[in-house]
Every structure is written in C-alpha cells, then in structure tokens.
Amino acid sequence: MKHFAVVQHSYSEFLGIIESQLEKRDIGFSYFRVFLNQELPSSALTFDALFLLGGPMSPLEQDKYPWLEQELQTIAAFRKAGRPIVGLGLGALLIAQQEGAELSLEPYHNAYFTTAHATEAGRNDPLAQAVDGRQVMVWAAGTAQLPDAIEPLVVDDEGRWIAFRPNDGSAMALLFRPEMKPGLIEDILMEEDRETPDNIGDLLAQARELWPEMQKTTDLVLVALVQELSLMSEKRKPRVFSLNLAPADKS
C-alpha cells in the first residue's frame, strides 16, 4: 500500500480536503507533528512521498523552532532517496530555502486570494495548467525570492511566484493552499496564542463564497501532482522481517 509521510506544523493545519482525496486513491499517510516534538521520519525509504504542510512560522525562525533545521535535512534525505515531495505554504518556503532562495520575514502574514497565472515555463506543466485562471489562496509567513536558475510555474496577479518545481523535478512547492477549507480557517482563529493576518475575516468570507470552486481546484491540483510526481507509483521499501524464535528446550 502506498504510504505518505506528512509533516504538520500546527494543531489546525493538516491535509484538510486532501485527506479524502488520498483515501479515495487508497493512499495511507502518517502525520509527524514536529510542533509537539515528535521525531521526523527516521528513513525516507519507508515512505512513497513527503508532504510538508503550512504553518504560522517562517523558515528563518530556527531559533524559536529548531526542528526547522531538521526538516531541511529530511527534505534532503527524501530527495536523495528519489521520493517526491510536496510543500504547501511553509513547506513551499522550506523547499525554496533548500534551493538557495533569499527568504524574507516581510510581509510576515502573507495571506490573500489571487488568480493563478501559468507562466511560459508552466505552459506544458500539468499543475500550472490545472490552476491557470482559477482563484487560489496564498498563505505563508514571509516570502522567498527564487534563484535566477529557477523559473516559477505559476504566479499571482502581481507576478510573484506561487508555484515552482526544482530543476531536478523531485518536488513541487505551492505557496497557495489547496488543502484549505473554511473550517480549517475557523480552527486557526480558535488556536490559542496564534497570530493571524489582519484580513483573516475577509479570507474566511471569501473561502466560504468560493468553497465549491476551491474543492474543484483541489481535485485538479491533486490529479496534476499525481501525474507530475508519480504519486500513484508505489516505491520499493525495505522488507520487514519477522523474527520467529524457536521455543526454548525444556528438557
């Protein structure tokens, strides 16, 4: 059975509506809740893919969240093992950081709805074409300027990147959030000591209004990710051996 590792960075932000899509495809998943000091996957070889979820922090805040450095090491391990990676929000910024992007804390609450625009680099890209012209929600702490060698696949209304793929094709970074749903935003509002964007009320209202289309967008995004990253291909995993001990000789 295909099995994904999912790194979760806060109580409220999980796979959301992507969960049901994975279950329909008979894909299992295990959450690794680093914000509760749970250990990250000990081996990339035991999973078929890695999902890095959103979160309220920036990759630059390693002094407050030391597991961010460990997460970069996990990303490197999965890429070395040839396991695909999908980064959403914070996860996308972590992939960008590993690619040598210049990160900034401003704006710290980088959250807004925008129209997705496929770039020339995304002209033949399934994901870029899937979201081209559709309304998507961007939400991450801070921003990242990609290296010149990386062309974004999708940009927002202002021409800022919201999706890219590293040149080796091993990952997909989405600054927009296909897993988001109105209930998830409501949970974020209720999360204790959670700083939220000033426009979170507007984001919630727009999410409720656009909910049917957001679900369609998520369906399209997941189909494209399956196609681009071969997410339906089960990877070879180490065998699990059963140790059968002979009964002790009682004579």
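Numbering (the UniProt record's numbering) for the sequence shown: 1 to 251.
Glycine residues also receive a C-beta, built at the ideal position from the N, C-alpha and C atoms.
Since this is a predicted model, take the numbers as computed values, not measurements.
- 9 Å or more divides the Cβ of V7 from the Cβ of L60.
- Given a length threshold of 3 residues, each whole run of the beta strand (DSSP E) inside the stretch 65 to 152 is given here in chain order: 85 to 88, 102 to 104, 110 to 115, 135 to 140 and 143 to 145.
- Per DSSP, reduced to three states, the secondary structure at F164 is strand.
- Per DSSP, Q8 lies in no alpha helix (DSSP H) segment; the continuous beta strand (DSSP E) that holds it begins and ends at K2 to Q8.
- Around the C-beta of D148, fewer than 16 other C-beta atoms lie within 10 Å, and the residue is accordingly described as exposed.
- Its Cα nearest to that of A141, the residue G89 stands out among I200, G89 and D48.
- Between the alpha carbons of G55 and M232 lies a gap of roughly 26 Å.
- Residues of the same chain with a CB within less than 6 Å of the CB of G28, apart from the 5 flanking positions on each side, are M1 and H3 in chain order.
- In this chain, the alpha helix (DSSP H) harbouring M214 covers I200 to L229.
- Per DSSP, the continuous alpha helix (DSSP H) segment holding L184 begins and ends at P182 to M190.
- Ranked by how close their Cα comes to the Cα of R236, the residues L45, F14 and F32 have L45 in first place.
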